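Q:
Residue numbers (the UniProt record's numbering): 1 to 269.
1. Of the residues 199, 214, 149, 134, which one's Cα is nearest the Cα of residue 76?
2. Please report how far the alpha carbon of residue 238 lies from the alpha carbon of residue 229, in whole angstroms.
3. Check each candidate in 208, 231, 55 and name the one with the smallest Cα separation from residue 217.
4. Please say whether residue 58 and residue 183 have beta carbons closer to each other than 9 Å?
5. Under 8 Å: do the stretch 196-204 and the stretch 150-157 share three or more Cβ pairs, one atom per stretch?
6. So the candidates are 99, 95, 160; which of them puts its Cα closest to the Cα of residue 110?
7. Could you tell me if residue 236 is buried or exposed, where buried requires 16 or more neighbouring beta carbons within 10 angstroms of its beta carbon?
8. Once DSSP output is grouped into helix, strand and coil, what is the label at residue 50?
9. Out of 140, 66, 86, 24, state which residue places its alpha-carbon closest to the alpha-carbon of residue 53.
10. Contact between the stretch 10-29 and the stretch 259-268: three or more CB pairs below 8 Å?
11. Which complete beta strand (DSSP E) runs does the stretch 43-108 hold, if anything under 3 residues is left out?
12. What does the alpha-carbon distance come out to for the pair residue 18 and residue 10?
13. What are the boundary residues of the beta strand (DSSP E) that includes residue 172?
14. By the three-class DSSP mapping on this structure, what secondary structure does residue 25 have?
15. Comparing C-alpha positions only, which one of 165, 113, 219 sits nearest to residue 212?
16. Nearest-angstrom Cα distance between residue 131 and residue 143?
17. Measure the alpha-carbon distance for residue 36 versus residue 65 and round it to whole angstroms.
18. What separation, rounded to the nearest whole angstrom, lies between the Cα atoms of residue 105 and residue 190?
19. Here's the rule: buried if 16 or more other CB atoms are within 10 angstroms of the residue's CB, otherwise exposed. What is residue 170?
20. Whose CA, out of 168, 70, 224, 71, lies closest to the CA of residue 178?
21. Residue 172: beta carbon under 8 Å from a heavy atom of the ligand GTP?
22. Report the partner residues of residue 240 according to the DSSP bridge assignment.
23. Roughly how many angstroms lie between the CA atoms of residue 8 and residue 222, to the nearest whole one?
24. Which residues mark the beginning and the end of the alpha helix (DSSP H) in which residue 223 is found?
25. Do residue 302 and residue 72 have their CB atoms nearer than 9 Å?
26. Between the alpha carbons of residue 99 and residue 4, how many angstroms are there, rounded?
27. Is the separation between the beta-carbon of residue 185 and that of residue 192 shorter than 9 Å?
28. How many angstroms separate the CA atom of residue 261 from the CA atom of residue 63?
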C-alpha cells in the first residue's frame, strides 16, 4: 500500500495566510497538492519543494489561482521550468507519471459549465450552458485575472475554459484506458462529480456559479475506474464513492473557512 498525504487550496498568495505551514509532516509516501497553493505556479512549486519535498515526492496540479495575474500559456511554461529544478516534484498539466508504484494522472480540468444543464430538457441544455458561461464570465475573477496568453495577449474567456476542460477530459479518459499494473489516482483542481457540490450551493442564488466549480465526469470515472480521484477548488471537504472510485477533497480554503480541513490527511491506495 502507498500512503498519500492530500491537501489543496492553501491560498498562500494572500498575506494573511502566507505564513501557514503544516503543523506536522505525516507519515506518508507521496504528497498530493491539488491546486491553489500559492501564486504563480513557480511560487507554489518552490514552496512545495522547500516544505514538503525533503520528506517525500510531491504530485502537484495547478489551480485557477496559480494563474492569477499571469496567463495559461506562459504561466504553465514557467511552472514546468521551475518544477524541472526539483527531482521528485511532478507538475501535472495533462500529464501522467508513476511515483512509488502509483500512476498519477493530472490536470487542472477547468469546467464544461454543464453540471446544471444536465437536468434541463434536451432542447434547453445548450442555452443553460451558455447562461452558466455568461454568469461565470462576470462573476468569476478567473476571467479578469487570467490571460490565455501574453504574447500576443489574449483574454481567458469562459469558452477557453470549456475548451481546456474537454482537452483535459479527453486526456484523462485516454490515460485511464491504458493498462497499468498498480493503483491509479487522478488529481484535478476542479471537481469531477456533482456530489462535490455542498448543499448550500445546490440551489438558490448561491448556486449560480456552481458550474464554474464542478463538472460531471461520471462516464469517465465509471469507464476508467481509477482507485482514487483527488480534487480541490470547492473549499468544502468531500469523501464519497462513485463505482469503485473514491473521490476526496481536503481543501484548507481561506483561513478557517473549512473547519473540516485535515492538514494531516493520509489515505492508502
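We put the CB at the ideal spot given by N, CA and C, even for glycine. Please read these numbers as outputs of a predicted model, since none were measured by experiment.
A: Let me spell this out:
1. Taking the first residue of the chain shown as position 1, residue 76 is located at position 76. Comparing Cα positions, the closest option is 149.
2. Translated into positions along the chain shown, residue 238 becomes position 238. Translated into positions along the chain shown, residue 229 becomes position 229. Their backbone Cα atoms lie some 11 Å apart in a straight line.
3. Along the chain shown, read from residue 1 onward, the residue named residue 217 stands at position 217. Among 208, 231, 55, the Cα nearest to that of residue 217 belongs to 231.
4. Along the chain shown, read from residue 1 onward, the residue named residue 183 stands at position 183. Along the chain shown, read from residue 1 onward, the residue named residue 58 stands at position 58. Cβ distance not < 9 Å, so residue 183 and residue 58 don't count as in contact.
5. no
6. On the chain shown, residue 110 is found 110 positions in, with the first residue counted as 1. Nearest option by C-alpha distance: 160.
7. Along the chain shown, one-based indexing puts residue 236 at 236. Residue 236 should be labelled buried.
8. Here residue 50 refers to the residue found at position 50 when the chain shown is read from its first residue. Of the three classes helix, strand and coil, the one that applies to residue 50 here is helix, per DSSP.
9. For the purposes of this step, residue 53 is taken as the residue at position 53 of the chain shown. Of the listed residues, the one whose Cα sits closest to residue 53 is 86.
10. yes
11. 58-60, 89-91, 95-99, 102-107
12. By 1-based counting over the chain shown, the position of residue 18 is 18. By 1-based counting over the chain shown, the position of residue 10 is 10. The straight-line gap from Cα to Cα measures roughly 9 Å.
13. Residue numbering aside, residue 172 sits at position 172 when the chain shown is read from its first letter. Looking at the DSSP string, residue 172 is not in any beta strand (DSSP E); the run it does join, the alpha helix (DSSP H), is 158-176.
14. Start at 1 with the first residue of the chain shown, and residue 25 comes out as number 25. Coil.
15. By 1-based counting over the chain shown, the position of residue 212 is 212. Nearest C-alpha to residue 212: 113.
16. Taking the chain shown and counting its residues from 1, the one referred to as residue 131 is at position 131. Taking the chain shown and counting its residues from 1, the one referred to as residue 143 is at position 143. Their backbone Cα atoms lie some 15 Å apart in a straight line.
17. Within the chain shown, the letter at position 36 stands for residue 36. Within the chain shown, the letter at position 65 stands for residue 65. Going by the C-alpha atoms only, they are around 5 Å apart.
18. For the purposes of this step, residue 105 is taken as residue 105 along the chain shown, with counting starting at 1. For the purposes of this step, residue 190 is taken as residue 190 along the chain shown, with counting starting at 1. Taking the straight line from one Cα to the other gives about 14 Å.
19. For the purposes of this step, residue 170 is taken as residue 170 along the chain shown, with counting starting at 1. Classification of residue 170: exposed, given that the 10 Å Cβ count is below 16.
20. In the chain shown, counting from the first residue as 1, residue 178 sits at position 178. The candidate whose alpha carbon is nearest that of residue 178 is 224.
21. As for the ligand GTP, it is missing from this structure, which has no ligand bound.
22. Along the chain shown, one-based indexing puts residue 240 at 240. 247, per the DSSP bridge assignment.
23. In the chain shown, the residue the question calls residue 8 occupies position 8. In the chain shown, the residue the question calls residue 222 occupies position 222. For residue 8 and residue 222, the distance between alpha carbons rounds to 24 Å.
24. What you label residue 223 is simply residue 223 of the chain shown in a count that begins at 1. Start and end: 218-224.
25. What the structure shows of the chain is the stretch from 1 to 269, and residue 302 is not part of that stretch, so it cannot be assessed.
26. Here the question's residue 99 lines up with position 99 in the chain shown. Here the question's residue 4 lines up with position 4 in the chain shown. Distance between the alpha carbons of residue 99 and residue 4: 11 Å.
27. Mapped onto the chain shown, residue 185 falls at position 185. Mapped onto the chain shown, residue 192 falls at position 192. It is not a contact, given that the beta carbons lie outside the stated cut-off.
28. Stepping through the chain shown from its first residue, residue 261 is reached at position 261. Stepping through the chain shown from its first residue, residue 63 is reached at position 63. About 18 Å.
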